[in-house]
Amino acid sequence: MSPARIEEHHSRGWIVPVGGAEEKEQDPVILRRFVEVSGGAGARIAVIPTASRLPDTGSRYEKIFRQLGAHSARALPFETRADAEREDWLGILEQATGVFFTGGNQLQLSTILGGTPVAKAIRRLNARGVTVGGTSAGAAILSEHMIAFGQGGATPKAGLASLAPGFGLTNRVVIDQHFRQRDRLGRLLSVLAFNPFAVGIGLDEDTAAFLGPDDVMHVDGAGAITLVDVANLEHSSMAFAKPGQPICLTGIKLHILTKGARYNFVTREAVPPLPPPDDDD
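Shown next as structure tokens:
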């Protein structure tokens, strides 16, 4: 599923995957910046808590976004595929300047919303300039190819991860979340070994990638992003590997990017953050 065509006189909206467990109370840097790129004081944010099984998830994010200065925040609790046909909720979604998917189970998101008017509207909205983001499961669903589930470990192995279709807002990246905390380098590498087209983004918790309309990614949050660039991959043994067997990969470039760093998807260049100011008087 390719991204929706950008509408005339528009630019694509921000895409904001978050690694999960983002700070929500003391200093919610990521969620505050999400409000900013969604319109600031004029932001109208639609919260979609479909991935979560907790009944208060939607209302909690409503409160957070309002406290952070958004004009409005409204949870749309799509629980069934029939809910995704509701004209009143679709009307609220169409007026949003930012759409945010909460965490939970990404397969719950894809099985309930995949192929529905909601998924189609979100793709269209992002192509029109609306910011779309999500945390944990809500991050995984944003790209064309979604990691549905898999095992931890640093070594890529055949069968380590299973893929499912995502919402297809971008086909440039494959996203994995809770990355360092759950030791997921191996499963991200195993996914990239199938086809070295996409860039791998491994998001630590409380860390976000702000993918701008200019194809530049900006890093924010307390952790790091492990970015795996396989554009110059020389060899992958995936085609001949048996289930559970380690995969041989050569020619991979890996970046560890922290707050303030950038990555250009067109030039494939990573730029480190500026050094901290000199503390000397």
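In this note's numbering, the protein residues as written are -13 to 267. Virtual Cβ for every residue (Gly too), placed ideally from N, Cα, C.
**Report entry** Rounded C-alpha distance that separates Gly84 from Gly237
**Finding:** Position 98 of the sequence shown, counted from the first residue, corresponds to residue 84. Position 251 of the sequence shown, counted from the first residue, corresponds to residue 237. Between Gly84 and Gly237, the C-alpha separation is close to 38 Å.
**Report entry** Three CB pairs or more closer than 8 Å across the segment 158 to 166 and the segment 178 to 190
**Finding:** yes
Query raised in the report: When the Cβ atoms of the segment 24 to 39 are set against those of the segment 51 to 59, are three or more pairs found closer than 8 Å?
Result: yes
Query raised in the report: Distance, Cα to Cα, Thr212 vs Thr244?
Result: Here residue 212 refers to the residue found at position 226 when the sequence shown is read from its first residue. Here residue 244 refers to the residue found at position 258 when the sequence shown is read from its first residue. Roughly 9 Å separates the two Cα atoms.
Query - Selected residue, minimal CA-CA separation from Met203, among Asn250, Pro(-11), Asn218, Glu130 - result: Looking up residue 203 in the sequence shown gives position 217. Among Asn250, Pro(-11), Asn218, Glu130, the Cα nearest to that of Met203 belongs to Asn250.
Report task. Locate the beta strand (DSSP E) running through Thr193, then write down its first and last residues. Result -> For the purposes of this step, residue 193 is taken as residue 207 along the sequence shown, with counting starting at 1. Taken as a continuous stretch (DSSP letters only), the beta strand (DSSP E) holding Thr193 covers 193 to 197.
Requested in this report: Have a look at Thr193, Gly89, Glu80 and flag the residue whose alpha-carbon is nearest the alpha-carbon of Val116.
Outcome: Taking the sequence shown and counting its residues from 1, the one referred to as residue 116 is at position 130. Selection Thr193, Gly89, Glu80 evaluated against Val116 yields Glu80 as nearest (Cα-Cα).
Query raised in the report: If Thr66 and Ile98 are in contact, beta carbons under 8 Å, what's the gap, nearest whole angstrom?
Result: Stepping through the sequence shown from its first residue, residue 66 is reached at position 80. Stepping through the sequence shown from its first residue, residue 98 is reached at position 112. 7 Å between Cβ atoms; contact.
**Report entry** Alpha-carbon spacing of Gly207 relative to Ala7, whole angstroms
**Finding:** In the sequence shown, the residue the question calls residue 207 occupies position 221. In the sequence shown, the residue the question calls residue 7 occupies position 21. If you take the alpha carbons of Gly207 and Ala7, they lie about 11 Å apart.
Query raised in the report: Beta-carbon separation of Pro182 and Val160 under 8 Å?
Result: Position 196 of the sequence shown, counting from 1, holds the residue named residue 182. Position 174 of the sequence shown, counting from 1, holds the residue named residue 160. Cβ atoms of Pro182 and Val160: not closer than 8 Å.
Requested in this report: Kindly list the residues whose CB is nearer than 6 Å to the CB of Leu62, restricted to its own chain and excluding five residues on each side of it in sequence; keep chain order.
Outcome: Indexing the sequence shown from 1 puts residue 62 at position 76. Same-chain partners within the cutoff: Ala32, Ile34, Trp75.
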